[in-house]
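S.K.: Here the numbering used here is used: the first residue of the sequence shown is 11, the next is one more, and so on.
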Amino acid sequence: MKTDPIYIFRKTWATYQKVISNNLMFHKEILTAVKKLLESRLEPINVLDLGCGDATHIGKVLNPGQVAEYCGCDLSPYALDVARNNLEPFGIRVNLLCRDMVAVLKEAPENHFDVVYFGYALPPVDQ
Ligand SMILES: C[S@@+](CC[C@H](N)C(=O)[O-])C[C@H]1O[C@@H](n2cnc3c(N)ncnc32)[C@H](O)[C@@H]1O
Numbered sequence: 011m012k013t014d015p016i017y018i019f020r021k022t023w024a025t026y027q028k029v030i031s032n033n034l035m036f037h038k039e040i041l042t043a044v045k046k047l048l049e050s051r052l053e054p055i056n057v058l059d060l061g062c063g064d065a066t067h068i069g070k071v072l073n074p075g076q077v078a079e080y081c082g083c084d085l086s087p088y089a090l091d092v093a094r095n096n097l098e099p100f101g102i103r104v105n106l107l108c109r110d111m112v113a114v115l116k117e118a119p120e121n122h123f124d125v126v127y128f129g130y131a132l133p134p135v136d137q
């Protein structure tokens, strides 16, 4: 559906989860690199995750002792509910926004986020 930019994710989230759990899009390799990057920062960091989905994988590399704030945004309220459950046990400050990532990025306070993660969430070019 052209009018709904995340139609495919609304309809097929379970399929996407299977893709991820079988590492068909190389999330393991990507997140190994992200973990290394995060660990190279010694001070507490604020992370912005654009199009975070259910945050299943990034949640596994966020170190509660290091991440001061994790802000994830996604247009799918369903994915954000799952993300909330996934991130709760980590005890980090979590802010989940059901909003368009472009708007969130534009309105992000200057110099607030140290790391902006953007995993497979490119919006359509005509947006
Ligand atoms: C392929 S999934 C990626 C999820 C996660 N970042 C990952 O690496 O597995 C793309 C996600 O981007 C979200 N998305 C697509 N367009 C968006 C937009 N304009 N604003 C916010 N989220 C968006 C979808 O709802 C979906 O959860």
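The beta carbon of each residue, even a glycine, is placed where N, CA and C say it ideally should be.
Taking 7 Å as the limit between beta carbons, can you name the residues of its chain near leucine 106, skipping five residues before and five after?
M.R.: Locating residue 106 in the sequence shown gives position 96, counting from the first residue. Closer than 7 Å at Cβ, skipping near neighbours: Gly82, Leu90, Ala93, Arg94.
S.K.: Cβ of serine 31 versus every heavy atom of ligand 1: is any distance shorter than 6 Å?
M.R.: On the sequence shown, residue 31 is found 21 positions in, with the first residue counted as 1. Result no, Cβ not under 6 Å from ligand 1.
S.K.: Counting pairs of beta carbons, one from the stretch 101 to 119 and one from the stretch 30 to 45, are three or more of them closer than 8 Å?
M.R.: no
S.K.: If the criterion is Cβ atoms closer than 7 Å, does the pair tyrosine 80 and valine 104 meet it?
M.R.: Taking the first residue of the sequence shown as 1, we reach residue 80 at position 70. Taking the first residue of the sequence shown as 1, we reach residue 104 at position 94. Cβ distance < 7 Å, so tyrosine 80 and valine 104 count as in contact.
S.K.: On the DSSP letters alone, give me the boundaries of the beta strand (DSSP E) that alanine 93 sits inside.
M.R.: Taking the sequence shown and counting its residues from 1, one reaches residue 93 at position 83. Segment 87 to 97 is the alpha helix (DSSP H) holding alanine 93; no beta strand (DSSP E) there.
S.K.: Any idea if asparagine 73 is buried or exposed, counting beta-carbon neighbours within 10 angstroms, 16 or more meaning buried?
M.R.: Position 63 of the sequence shown, counted from the start, is the residue given in the question as residue 73. Counting C-beta atoms within 10 angstroms of its own C-beta, asparagine 73 has fewer than 16 neighbours from the protein chains shown and is therefore classed as exposed.
S.K.: How many Å lie between glycine 129 and leucine 47 at the Cα?
M.R.: For the purposes of this step, residue 129 is taken as the residue at position 119 of the sequence shown. For the purposes of this step, residue 47 is taken as the residue at position 37 of the sequence shown. Their Cα atoms are separated by approximately 15 Å.
S.K.: Pick from Cys62, Ile102, Thr42, Asn96: whose alpha carbon is nearest that of glycine 75?
M.R.: By 1-based counting over the sequence shown, the position of residue 75 is 65. If we check each option's Cα against that of glycine 75, Ile102 comes out closest.
S.K.: Can you tell me which of the three DSSP states leucine 41 falls into?
M.R.: As a position in the sequence shown, residue 41 is number 31, starting the count at 1. The answer is helix: DSSP assigns leucine 41 an H, G or I state.
S.K.: Between which two residues does the alpha helix (DSSP H) holding leucine 115 run?
M.R.: Reading the sequence shown from its first residue, position 105 is the one you call residue 115. Looking at the DSSP string, the run of the alpha helix (DSSP H) that includes leucine 115 is 111 to 117.
S.K.: Grab the span of the beta strand (DSSP E) containing glycine 101 for me, first residue to last.
M.R.: For the purposes of this step, residue 101 is taken as residue 91 along the sequence shown, with counting starting at 1. Run containing glycine 101: none; DSSP gives neither H nor E here.
S.K.: Use the C-beta contact count for aspartate 14: other C-beta atoms within 10 angstroms, 16 or more gives buried, fewer gives exposed.
M.R.: For the purposes of this step, residue 14 is identified with residue 4 of the sequence shown, where counting begins at 1. Aspartate 14 should be labelled exposed.
S.K.: Contact check, valine 57 vs valine 125 under 8 Å by CB: the rounded distance?
M.R.: On the sequence shown, position 47 is the one that residue 57 refers to. On the sequence shown, position 115 is the one that residue 125 refers to. Between valine 125 and valine 57 the Cβ distance is about 5 Å, and since that is below 8 Å, they are a contact.
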